[in-house]
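Residue numbers (UniProt numbering), protein chains in the order written: chain R, 1 to 99; chain U, 1 to 99. These notes concern the structure reproduced below.
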DNA sequence: TATACATATGAACATAATTACATATATAAT
DNA sequence: ATTATATATGTAATTATGTTCATATGTATA
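Here it is as structure tokens:
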């Protein structure tokens, strides 16, 4: 595996995007299905504005996508592969925890 | 998959640890074998002190381990699984890049 | 023990990231 | 068109992070 500057940058951006607890929780919650900003804000106990900013970051990292539905906007994971990666890390830390 | 506070914290710490380009590069370099701080500092074009600080973070996240060898200390990946995770993301962003 | 070499640490500085607040934009329904 | 609802954005303040510099610690060998 070669590590050129673009791959390095994109990979660290992806890692950074899911390194923030709120954003990682968003990814987890969206793995069960699409949700709007307000529902996410309630579940995360954060302001709508904060979650909206976080979603923008996740969208820029191509981790989530969204679609309009009536007057709200539904967010979902952009790619199943993302959840595989996250789930792999969840499993990893869970194993390490039980040592 | 359940997301309790401990898993969430450990997982985001792991993601955060490899989200910094220098640290991600360290993981990449160590995937080929063990290296000491000075060699890493040269390859990364950073001061020895900066790399030492980064290694401390990687060690706290249980991503690298080290052993004494003469008067130097050799660092290596704490776990093969770590590189699998990183490599999976490298592959992912490489695929996304070529869209 | 004195010296040289390798690594680690603490403090200070600069930069970046996150949040809250206020407000703007967009859409649907009356 | 007006109102209500949902979401996005700009800005400012707080907090976190990474780097450098100086120095301390550790270790091997003369």
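We treat Cβ as the ideally placed atom computed from N, Cα and C, and that holds for glycine. What you are looking at is a predicted structure, and each value in this text was computed from that prediction instead of being measured.
Neighbour-count burial assignment, residue i, 16 or more Cβ in a 10 Å radius
i	result
residue 10/R	buried
residue 114/R	An answer regarding residue 114/R cannot be provided, because it is not within the stretch 1 to 99 covered by chain R.
residue 99/R	exposed
residue 16/R	buried
residue 90/R	buried
The beta strand (DSSP E) enclosing residue i, as first and last residue numbers
i	result
residue 74/U	72-77
residue 69/R	64-69
Cβ neighbours of residue i in the same chain (closer than 6 angstroms, five flanking residues each side left out)
i	result
residue 82/U	63
residue 14/U	61
Neighbourhood of residue i by C-beta distance below 8 angstroms, restricted to the same chain and skipping five residues each side
i	result
residue 47/R	41
residue 65/R	59, 75, 76, 77, 78
Where the alpha helix (DSSP H) through residue i begins and ends
i	result
residue 89/U	80-97
residue 23/U	21-30
residue 2/R	Per DSSP, residue 2/R belongs to no alpha helix (DSSP H) and is neither H nor E.
residue 55/U	48-60
residue 42/R	37-44
C-beta atoms of residue i and residue j nearer than 8 angstroms
i	j	result
residue 53/R	residue 85/U	no
residue 75/R	residue 55/R	yes
residue 12/U	residue 80/R	no
residue 37/R	residue 51/R	yes
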